[in-house]
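Presented below is the structure to which this report refers.
Residue numbers (the numbering used here): 192 to 641.
Encoded structure:
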């Protein structure tokens, strides 16, 4: 029997109403920005200081790889990280294989960096990462001049021989992918001339913002057909930065919804990243009548950040525009919970991608919400939710718990439902929460004790 399904290892918990959420909390740092702050800091000349780095295994894999290629990266006693860079073009030949663990982001972005440096690197990863195809990064990077030896199917283990004289590329993305875009731009840093990426459908733009923040000559133009044309002038000189990693908006989402639906709540969530390619949930909740106020909006490392003051609000159901799906795809499970407490009907469409996440998030959330007493209808590409109009959901029966299918977002969304329920919501296993948000339960305790 695998450990995943072994009942002896599962950590069930019942989440019940604890009263209003008050005071101030801070959620963990954004993963996408944490990866890039280490990589770009390692390519700058001088010392970059990173505050609030997400210290998850994926980000630590990136740090270990940059160390292996010559950068000095150290965690300080106060929790800050210092990165002493080697300069663009200064990456050293790593002595051994670079172990990427389970991080697809680390692998694809670092393949881009290595592609335009005259070094050879071997990438290895765990069983899960070794199943993921790298072909969509190999194709453009081969055109830069790098040579690849991969396991059949373009998978890890994989050897990259970087180009001694890299060639600037003009590349139109065949599929929307922030990772492929970032890999090509990172290769362009050490390539003479102008590297161009044409993005027919906009994706997360953390790489562009941070490259500019570190001093790269990068421009973005919108074509007549709406495509983004990104140009980077190569052989860049990056300048070291002091970066405070914004709080992850996907993590903040759970506390925003909890404060909206638990009566009497008035909560400030500090330092939340509000990149428009990530933060559509907050706009949707405002359309439903949610009181979410931005305090001290500021720019950090090219990223918009603010403290969010969230107060309990009477929500109204809406028809959610499918156009917002890409910029809040991971937040729909917790939006369903908010909608279950709204007055009237909420309709969501265009969510096919939710069926192929860590679990089928449409079916799993329908079953979970029905168990907790909500009125929901599953559709092929979304969900129709008839809200209670602010009355608490009954919660799950005393002897029943929600099946989370090892999906951290299902577990946290239904925990939030429990905080606003009459009798509590049982979760079959809280272990998956630790993979993305280890302090989640601790922050609930902090906010409800304030």
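Note that CB positions come from ideal geometry on N, CA and C, so glycine has one too.
Compute the minimum distance between the beta carbon of residue i and the heavy atoms of the ligand PLP, and state whether it is under 8 Å.
i, result
"residue 420", "As presented, the structure is devoid of all ligands, the ligand PLP included, so that no description of it is given."
Rounded to the nearest angstrom, what separates residue i and residue j at their Cα positions?
i, j, result
"residue 341", "residue 476", "45 Å"
"residue 511", "residue 283", "50 Å"
"residue 443", "residue 470", "10 Å"
"residue 194", "residue 333", "Below a pLDDT of 50, predicted positions are generally treated as unreliable, and residue 194, at 41, falls in that range; the measurement from the model is reported next regardless. Each residue's Cα considered, the two are about 40 Å apart."
"residue 393", "residue 419", "7 Å"
"residue 389", "residue 564", "47 Å"
"residue 568", "residue 579", "14 Å"
"residue 605", "residue 429", "44 Å"
"residue 275", "residue 325", "29 Å"
"residue 552", "residue 619", "16 Å"
"residue 376", "residue 386", "7 Å"
"residue 423", "residue 623", "39 Å"
"residue 445", "residue 365", "34 Å"
"residue 627", "residue 598", "10 Å"
"residue 309", "residue 517", "37 Å"
"residue 454", "residue 258", "49 Å"
"residue 586", "residue 556", "14 Å"
"residue 581", "residue 526", "15 Å"
"residue 165", "residue 630", "The structure shown does not extend to residue 165, since the chain is modelled only from 192 to 641, so the question has no answer here."
"residue 245", "residue 384", "34 Å"
Under the rule that 16 or more other beta-carbon atoms within 10 Å means buried, what is residue i, buried or exposed?
i, result
"residue 215", "exposed"
"residue 348", "exposed"
"residue 522", "buried"
"residue 192", "Model confidence at residue 192 stands at a pLDDT of 31, short of 50, so the residue's coordinates are unreliable; what they give is reported in the following sentence. That one is exposed."
"residue 372", "buried"
"residue 464", "buried"
"residue 329", "buried"
"residue 593", "buried"
"residue 460", "buried"
Which residue comes first and which comes last in the alpha helix (DSSP H) that contains residue i?
i, result
"residue 373", "369-379"
"residue 330", "326-335"
"residue 231", "222-234"
"residue 296", "295-306"
"residue 447", "440-452"
"residue 404", "397-404"
"residue 319", "Neither: residue 319 is in no alpha helix (DSSP H) and is coded neither H nor E."
"residue 562", "552-562"
"residue 365", "It is not in any alpha helix (DSSP H) - residue 365 carries neither H nor E in the DSSP assignment."
"residue 214", "It is not in any alpha helix (DSSP H) - residue 214 instead sits in the beta strand (DSSP E) that spans 213-217."
"residue 527", "523-531"
"residue 607", "599-610"
If I'm right that residue i touches residue j with Cβ under 8 Å, what's the distance once you round it to whole angstroms?
i, j, result
"residue 396", "residue 298", "About 21 Å separates the two Cβ atoms, so there is no contact after all."
"residue 617", "residue 591", "6 Å"
"residue 230", "residue 253", "6 Å"
"residue 378", "residue 279", "Between residue 279 and residue 378 the Cβ distance is about 11 Å, and since that is not below 8 Å, they are no contact."
Between which two residues does the beta strand (DSSP E) holding residue i run?
i, result
"residue 312", "311-315"
"residue 567", "566-570"
"residue 348", "346-352"
Does the beta carbon of residue i come closer than 9 Å to any beta carbon on chain D?
i, result
"residue 411", "No chain D is part of this structure, which consists of one protein chain only."
How about the region 401-416 and the region 355-363: do they share at least three Cβ pairs that are nearer than 8 Å?
No, the region 401-416 does not touch the region 355-363.
With contact counted as at least three CB pairs below 8 Å, one residue from each stretch, are the region 526-539 and the region 574-581 in contact?
Between the region 526-539 and the region 574-581, the count of C-beta pairs closer than 8 Å reaches three or more; the two stretches touch.
Counting pairs of beta carbons, one from the region 224-242 and one from the region 423-437, are three or more of them closer than 8 Å?
Result yes; three or more Cβ-Cβ pairs closer than 8 Å.
Tell me, please, whether the region 495-503 touches the region 473-487 by the rule of three or more beta-carbon pairs shorter than 8 Å.
By the Cβ criterion, the region 495-503 is in contact with the region 473-487, since at least three pairs of Cβ atoms, one from each stretch, lie closer than 8 Å.
Stretch pair the region 210-227 + the region 449-467: three plus CB contacts closer than 8 Å
In this structure the region 210-227 touches the region 449-467; the number of beta carbon pairs closer than 8 Å is three or more.
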